[in-house]
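As structure tokens, the structure follows; a few thoughts come after it.
Numbering (the UniProt record's numbering), first residue to last: 1 to 607.
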């Protein structure tokens, strides 16, 4: 089917944008293959520029609703086209004719729910910038293994047992496994693990020489099936210690009950050298229902009393799921860092809660994962190579509930990003990136011009030649003109592990994510920008001072001392602050304390 065949009405004039990411205005509505376009009417026969137009990917639409302007159906008053998007934005467009509105709605409904790869926008997108750093080749397994060899040369190896995805479709073709284990053992272990996900290395912690390994649940079933090859693989991880930890992301009752369906938990009889620990991570259906309740509460927050709002927020259980996820990851990180033992992580299939735990645990342990490039590598290795089914999980978002959604949709990746934001909030100087970077990742996971999050696993991406025919999101993010916009000016590298609090008062609503479209963030952004500018200036001056001291120590006469700085070296009154709400051109720039105090007041006011 051609995309044009799904479009019943390609253009409607004299519509009115009532609600959306910009001020209400009159204009025209057009539908093309991948986008809805709103072109504002500027008057005086002027034509709106591309920057003034609103372009919305059909894939970004989660739910389409049509409501008559008047409840009296005998009055031909037109209708409201309400588009509820996957990023929680709502666009409402008033269309003068009901039939036109219904035709547009049916068209968007079809175009936003197309199946298959052949019509996805990333295959049609033409990159407007020069790709200086190809994201498709930025994070190869060879580079990861090279670093691993330096840390422990005789413990791991790269295996091609999964070449052509013959063993596991949700694993990459090359995996890192214990060095003393042959491919024949891996193949047998795959038959014993859910989703044929045999144990592979997720992370090696050089400081304690301990590792995180992930896999699928054991398929012991009601007959208590055994696999000696799988036992050998796990026991090979215990070369330096007598005991290891198996962390099951599921509550004990749920893990035990899965035996009746062919799954289960490792038998203490055969895995006697392993201590079993259960997590309490939510199931994918619970995560989806929780987000739907949370977004509903946020959309009603303006008209709700404080008590009702808090009650609805608590009833959604979202913050509890965030706390449970961080708790599980911190438990694994403590086993690695404090107890210095290897940890095997699995849930059921190993594509959702398992990846939540392993990726967040790495974020706590590995300072490199808290940099922009390290975080991209983490997502690439754990989530994309780990087989998280992005196409299935992100087919719908919070507005698609009941019959509109299926059993596979779930915002697991958003839950991960929320956990990262909670940790960033408690350690604001330990991350190289800002929350805007996380929001960009969230939006591109659901609808994007880039191909990074297409497909459910590496096999699908290879079969459809995604890397050959689309642009990687990392190519865009890492571009020199784009990357600075996501840089955290407060960042100070911190090499040690970090330990976030999960106390109720420490886990809070991510307002910039869930209340982004209900509030005006202009003043907050201006204050934060001023703070970042001051911090950037402070780093520049520190660098100059360090350079001068080094020259003095070397016996070289400095050209200028810190006390002889020119006016260009010291901020002039009001300079670089004229665009902020706290600036005054006739006064000195605000002090760092004043900026911080105002920032705190703004946050308190927002809460």
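Even glycine gets a Cβ: it sits at the ideal position worked out from N, Cα and C.
Since the model is a prediction, treat every value here as computed from it, not as a measurement.
Closest residue to residue i among the options (Cα-Cα distance)
i: residue 379; options: 219, 465, 402, 472; result: 472
i: residue 21; options: 31, 493, 54; result: 54
i: residue 362; options: 354, 346, 333; result: 333
i: residue 386; options: 339, 455, 425; result: 455
i: residue 242; options: 219, 251, 275; result: 275
i: residue 413; options: 423, 156, 443, 407; result: 443
i: residue 314; options: 508, 550, 18, 14; result: 508
i: residue 149; options: 98, 206, 96; result: 206
i: residue 266; options: 183, 218, 258, 128; result: 218
i: residue 40; options: 32, 15, 33, 61; result: 15
i: residue 72; options: 203, 498, 98; result: 98
i: residue 180; options: 216, 238, 220; result: 238
i: residue 225; options: 409, 271, 69, 235; result: 271
i: residue 439; options: 423, 492, 8, 513; result: 513
i: residue 94; options: 38, 515, 467; result: 38
i: residue 492; options: 535, 151, 304; result: 535
i: residue 36; options: 56, 49, 27, 42; result: 56
i: residue 121; options: 102, 269, 170, 466; result: 466
i: residue 154; options: 291, 453, 178, 144; result: 178
Limits of the unbroken beta strand (DSSP E) element including residue i
i: residue 374; result: Run containing residue 374: none in the beta strand (DSSP E); it sits in the alpha helix (DSSP H), 372-378.
i: residue 83; result: 79-85
Residue range of the unbroken alpha helix (DSSP H) whose run includes residue i
i: residue 677; result: The chain is shown only over 1 to 607; residue 677 falls outside these bounds and no answer can be derived.
i: residue 10; result: Per DSSP, residue 10 belongs to no alpha helix (DSSP H) and is neither H nor E.
i: residue 466; result: 466-469
i: residue 419; result: 412-426
i: residue 297; result: 284-299
i: residue 108; result: 98-111
i: residue 529; result: 522-553
i: residue 502; result: That residue, residue 502, is in no alpha helix (DSSP H); it is neither H nor E in DSSP.
i: residue 188; result: 183-192
i: residue 508; result: From DSSP, residue 508 is part of no alpha helix (DSSP H); its letter is neither H nor E.
i: residue 176; result: That residue, residue 176, is in no alpha helix (DSSP H); its beta strand (DSSP E) goes 175-178.
i: residue 439; result: 435-446
Cα-Cα separation between residue i and residue j, rounded to whole angstroms
i: residue 570; j: residue 341; result: With a pLDDT of 37 at residue 570, under the threshold of 50, the modelled position of this residue cannot be trusted, and the question is left open.
i: residue 489; j: residue 3; result: 44 Å
i: residue 186; j: residue 383; result: 21 Å
i: residue 552; j: residue 544; result: 12 Å
i: residue 469; j: residue 90; result: 32 Å
i: residue 162; j: residue 196; result: 11 Å
i: residue 365; j: residue 309; result: 36 Å
i: residue 106; j: residue 64; result: 8 Å
i: residue 504; j: residue 511; result: 16 Å
i: residue 17; j: residue 538; result: 44 Å
i: residue 288; j: residue 400; result: 10 Å
i: residue 354; j: residue 327; result: 13 Å
i: residue 92; j: residue 19; result: 5 Å
i: residue 381; j: residue 463; result: 19 Å
i: residue 111; j: residue 485; result: 32 Å
i: residue 166; j: residue 84; result: 41 Å
i: residue 426; j: residue 501; result: 8 Å
i: residue 204; j: residue 337; result: 11 Å
i: residue 405; j: residue 281; result: 22 Å
i: residue 26; j: residue 451; result: 34 Å
i: residue 249; j: residue 360; result: 13 Å
i: residue 619; j: residue 5; result: Past the edges of the chain, shown from 1 to 607, lies residue 619, and the structure says nothing about it.
i: residue 311; j: residue 78; result: 37 Å
i: residue 431; j: residue 408; result: 32 Å
i: residue 141; j: residue 523; result: 44 Å
i: residue 335; j: residue 168; result: 28 Å
i: residue 339; j: residue 457; result: 34 Å
i: residue 530; j: residue 429; result: 17 Å
i: residue 252; j: residue 199; result: 21 Å
i: residue 585; j: residue 528; result: The predicted position of residue 585 is uncertain, since its pLDDT is 38 and thus under 50; a value taken from the coordinates is nonetheless stated next. Approximately 19 Å between the Cα atoms of the pair.
Bridge partner(s) assigned by DSSP for residue i
i: residue 38; result: 29, 54
i: residue 261; result: In the DSSP output, where bridge partners are listed per residue, residue 261 has none listed.
i: residue 169; result: Per DSSP, none; premise fails for residue 169.
i: residue 19; result: 92
i: residue 278; result: 248
i: residue 63; result: 84
i: residue 68; result: 79
i: residue 489; result: For residue 489, which the question treats as bridged, DSSP gives no partner whatsoever.
Any chain D beta carbon closer than 9 Å to residue i
i: residue 521; result: Structure shown: chain D not included; a single protein chain is present.
Task: Length at least 3, wholly inside the segment 310-386: the beta strand (DSSP E) runs in chain order - done: 343-346
Task: Within the segment 199-257, ranges of the beta strand (DSSP E) (whole runs, at least 3 residues) - done: 200-205, 210-214, 244-248
- [ ] Could I get the ranges of all uninterrupted beta strand (DSSP E) runs contained in the segment 116-167, with 3 residues as the minimum, in chain order?
- [x] 156-159
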